[in-house]
Amino acid sequence: KNNDSNPVNYNKSLGKSSSQSSFNYGSSLTQAALSDIPAVHDLGIKGTGVIIGILDTGFRWKSHPSLSTKSVLNEHDFVQNDNITENQPGDASDQDSHGTAVFSLMAGYAPGNLIGPAYDANFILAKTEYVPTETHMEEDNYAAALEWMEGLGVQITSSSLGYNEFDAPEASYTFLNMDGKTTVVAKAANLAFDRGVSTFTAAGNERANSWNHIISPADAFNIIA
């Protein structure tokens with residue numbers, strides 16, 4: 138599932154940052170300052186030369202004001218098996234919105250509005266998630282995408298995705314399956330790490346519901362969640 142739904146609201150607001158930087162972050166300054174991004178940018182560190190792979194729902198980057206100039210080395214739609222990762226016939230109307238948001242948070246560059254931490258990196262984009270349903274096929278897409286990215290020389294992968302419950306009649310996982318080595322996506326993440334890829338993923342949005350635990354691939358042995 139794409140992890141942007143039902144966030145836990147702790148009724149806390151972030152104070153405005155007073156960090157000084159040579160960049161004009163606009164309203165993204167406070168978020169960037171939480172991780173000391175302005176200080177890192179001022180050191181000249183902006184992702185240059187790094188290849189980052191993103192696995193998500195789709196990417197409408199070519200027309201996005203903060204993404205249209207990005208260095209996208211390759212992109213592939215593992216749902217419809219073509220090279221179009223933005224919305225196309227057969228997709229849900231909001232299919233590519235989550236991936237576009239994730240990409241822009243990571244790498245957007247629109248001074249005065251948004252500057253992402255890795256705005257000068259190179260990117261490989263994989264559309265692996267089909268928004269209307271939750272099936273094990275999405276895990277297969279995820280594994281295939283990691284293998285494809287590793288073959289292209291990816292150094293870091295990031296996904297704001299996770300799996301635990303699936304639509305009937307497909308079998309869901311139990312928390313006992315979150316042992317770092319059972320799910321398809323955990324196995325794929327471990328294999329990617331063994332080949333030198335640093336993998337990052339969302340822990341999940343399940344803290345406030347009946348599941349109440351992380352979801353896979355956040356359980357993988359060598360992933361950072």
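Residue numbers (my numbering): 138 to 362.
From the three backbone atoms N, C-alpha and C, an ideal C-beta is built for every residue, glycine too.
None of the values given here were measured: they were computed from a predicted structure.
Same chain, Cβ closer than 6 Å to residue i, neighbours up to 5 away in sequence not counted
i	result
S296	L192, T338
G163	G249, N250
A238	none
T185	D257
Residues near residue i in its chain [Cβ-Cβ closer than 7 Å; skip 5 each side]
i	result
A323	G317, S353, P354, D356, A357
V145	Residue placement at V145 is flagged as unreliable, the pLDDT there being 48, under the threshold of 50; the coordinate-derived value follows with that caveat. If we look at V145 and ignore the five residues flanking it on each side, its Cβ neighbours are R344, A345.
G227	Q217
N349	E343
N314	T320
F303	E271, T272, H273, S309
N211	I261, L289
D179	S158, S159
I221	D214
T311	none
G333	none
A229	V268, P269
Residue j beta carbon less than 8 Å from that of residue i
i	j	result
T100	Q232	Residue 100 lies beyond the residue range present for the chain, which begins at 138 and ends at 362; the question has no answer from this structure.
E307	T272	yes
T336	T294	yes
F215	N278	yes
F260	K207	yes
A263	M286	yes
I189	A258	yes
S165	H201	no
V209	Q292	no
E275	Y267	yes
Any non-hydrogen atom of the ligand GTP closer than 7 Å to residue i Cβ
i	result
G236	Absence of the ligand GTP is noted for the structure shown, with no ligands found whatsoever.
Supposed contact pair residue j and residue i - C-beta distance, whole angstroms, cut 8 Å
i	j	result
M243	G236	Not quite, the Cβ-Cβ distance comes to about 11 Å (not below 8 Å), so this is no contact.
S309	G245	Not quite, the Cβ-Cβ distance comes to about 35 Å (not below 8 Å), so this is no contact.
N327	N359	6 Å
A340	A280	A340 to A280, Cβ: 20 Å. No contact.
Contacts around residue i, its chain only, beta-carbon distance under 8 Å, and the 5 residues preceding and following it disregarded
i	result
I122	Since the first residue shown for the chain is 138 and the last is 362, residue 122 is missing from the structure and cannot be characterised.
K199	S205, E223
A282	G190, L192, H213, F215, A263, T265
Y147	Bear in mind that a pLDDT of 49 at Y147, under 50, signals an unreliable position, so the model cannot answer this.
S172	P254
Test: residue i CB closer than 8 Å to a CB of chain C
i	result
E212	Judged by its chain identifiers, the structure shown contains no chain C, having just a single protein chain.
field: Within the region 172-240, ranges of the beta strand (DSSP E) (whole runs, at least 3 residues)
entry: 188-193, 208-214
message: Ignoring anything shorter than 4 residues, give me the alpha helix (DSSP H) runs that lie fully in the region 264-325, in order along the chain.
response: 273-288
Continuous beta strand (DSSP E) assignments of at least 3 residues falling wholly in the region 330-357: 335-338
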